[in-house]
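Read in order, the letters of the sequence shown correspond to residues 0 to 401 in numbering that gives the first Met the number 0.
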Amino acid sequence: MNSNITNNRQPKINYSYGKQTISDDDIQAVVEILKSDWLTQGPTIKKFENELCSKFGSKYASVCANGTAGLHLIALSLGWNKNDIIITSPITFLASANCAIYAGAKIDFADIDSSSYTIDPNKLEDKIKLYLSQNKKVKAVVAVDYAGHPCDWEALKTLKEKYDFQLVNDFCHALGAEYKNDFQYAVKYADAVNLSFHPVKHITTGEGGAVLTNNEVLDKRIKTLRTHGMTKDESILEKNDGPWYYEMHEVGFNYRITDFQCALGICQLKKLDSFVEKRRNIAKYYDNFFSQDNRFIIPDVSVNAKHAYHLYPLQIKFDELKISKKDFFLKMKEKNILLQVHYIPVHLQPFYKKNFGFNEGDFPVAEKFYEREVSIPIYPSLNESDLNYISETILKILNEMK
Ligand SMILES: *Cc1c(COP(=O)(O)O)cnc(C)c1O
């Protein structure tokens with residue numbers, strides 16, 4: 000029985016859409032490193048990278064400061080430049096598009112598929128062809144396994160081979176997902192795969208991220224750019240003054256992560272499978288509850304996919320019900336349920352409208368999805384009475400607003 004809820008009265012805690020799960024072994028692991036010689040740039044970095052490689056089946060991994068830094072490192076190491084065209088989904092976090100801007104490149108979008116909410120390969124091909132008709136080539140596609148549902152990677156790979164672009168998986172939502180029964184699909188389809196360990200994600204290091212790749216050259220470049228562009232690689236040094244000597248051939252950043260964060264990451268990674276299982280059970284509860292009522296659309300799962308449920312994107316037909324989404328949010332907040340929306344379509348951000356000329360109506364499937372989407376709480380520590388309270392409260396408030 001949940002101690003937060005007694006006799007169906009309102010819980011004292013706030014339910015948010017996502018939350019970390021930290022236990023004593025996590026705390027112990029961090030304390031151990033705090034007492035060691037290496038707080039940063041020590042052996043726990045490599046250890047975490049090795050664990051990520053074996054878990055996700057990649058040849059190389061570079062852990063870094065956060066997922067956004069990871070995307071920036073990917074953009075630079077893939078050589079994105081001025082006038083390059085990068086395409087992503089409008090339904091993603093800002094960082095998936097911003098990384099193109101960091102590199103000075105130009106961003107564009109392809110609308111989402113209405114059932115998986117991931118980038119629609121047909122719309123993507125239309126966009127690529129439109130550019131080709133203007134003698135322009137698309138440099139890269141940043142595909143996002145939105146909410147934890149894998150993109151149509153077979154179709155994306157076919158397009159990659161046909162039109163020769165770089166393929167990035169912004170995999171921040173999808174740790175634990177499977178595509179064609181394969182848990183390690185991400186690096187098999189994408190040139191580079193980006194992870195985030197922000198507390199709302201599947202596993203956390205506080206702030207943190209990682210880039211996975213099977214490409215050795217790319218990995219070397221990422222690791223160099225992660226620390227200021229400094230290298231001690233004998234094969235590229237112009238000279239060598241001695242053991243202290245390093246050179247800088249291109250400008251990089253300090254995008255490192257600490258050893259104690261990596262210790263937390265190693266401990267969390269061991270629990271990824273059980274966290275994902277709990278998320279799937281929560282999703283099953285919501286699926287059962289909301290699929291019986293035609294005011295809702297529950298997230299679909301395609302035949303090739305096993306969902307990892309970073310989010311539970313519930314669509315409520317506010318438009319047909321003539322209910323204000325804003326009022327619904329405020330009433331839910333009064334009941335201590337803090338909903339979110341993932342995402343405001345990125346092309347409608349003032350920055351992108353102003354600098355690239357995007358407008359309402361450009362990506363109608365994404366815009367319709369935005370009107371209806373609500374991210375309801377999903378994280379491992381929710382139990383059945385929490386789920387019951389959340390689901391019943393959603394129904395009760397919608398009924399009251401009729
Ligand atoms: C969280 C997230 C990021 C950014 O990760 P940070 O660690 O917060 O910088 C990028 N893309 C997507 C899709 C995300 O969900």
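Even glycine gets a Cβ: it sits at the ideal position worked out from N, Cα and C.
For K126 and K179, the gap between their C-alpha atoms comes out near 27 Å. Using a cutoff of 6 Å, the CB of A96 does not count as near ligand 1, since none of the ligand's heavy atoms is closer than that.
Taken in chain order, the unbroken stretches of beta strand (DSSP E) that lie wholly in the region 181 to 230 and span 3 residues or more are 191 to 195 and 208 to 212. Taken through DSSP and simplified to helix, strand or coil, A154 comes out as helix. In the three-state scheme derived from DSSP, where H, G and I count as helix and E and B as strand, N80 is classed as coil. D169 has its CB nearer than 6 Å to a heavy atom of ligand 1. With a cutoff of 7 Å on beta-carbon distance, V167 and I106 are scored as not near each other. The alpha-carbon of P298 is positioned some 12 Å away from that of K305.
If one requires a minimum length of 4 residues, the alpha helix (DSSP H) runs lying completely within the region 326 to 377 are 349 to 355 and 363 to 371, in chain order. The bridge partners DSSP lists for T257 are T39. Cβ-Cβ distances below 6 Å link V143 to S88, T91, S95 and D169 in the same chain, with the five nearest sequence neighbours on each side left out; the list follows chain order.
Residue nearest to N280 within the set L310, K81, S76 and E50 is L310 (criterion: CA-CA distance). Taking C-alpha positions only, K332 is separated from I296 by approximately 22 Å. Judged by their CB atoms, C261 and I44 are nearer to each other than the 7 Å cut-off. Per DSSP, reduced to three states, the secondary structure at T117 is coil, with no helix or strand assignment. Annotation for K105: the continuous beta strand (DSSP E) segment containing it runs K105 to F108. As DSSP reads the structure, Q314 sits in a beta bridge with I296 and E372. Excluding sequence positions up to five before and after Q183, its CB lies within less than 7 Å of the CB of F55 and G56, all in the same chain and listed in chain order. For A28, the enclosing alpha helix (DSSP H) starts and ends at D23 to L33. The beta carbon of S132 lies closer than 7 Å to none in the same chain, with the five residues before and after it left out.
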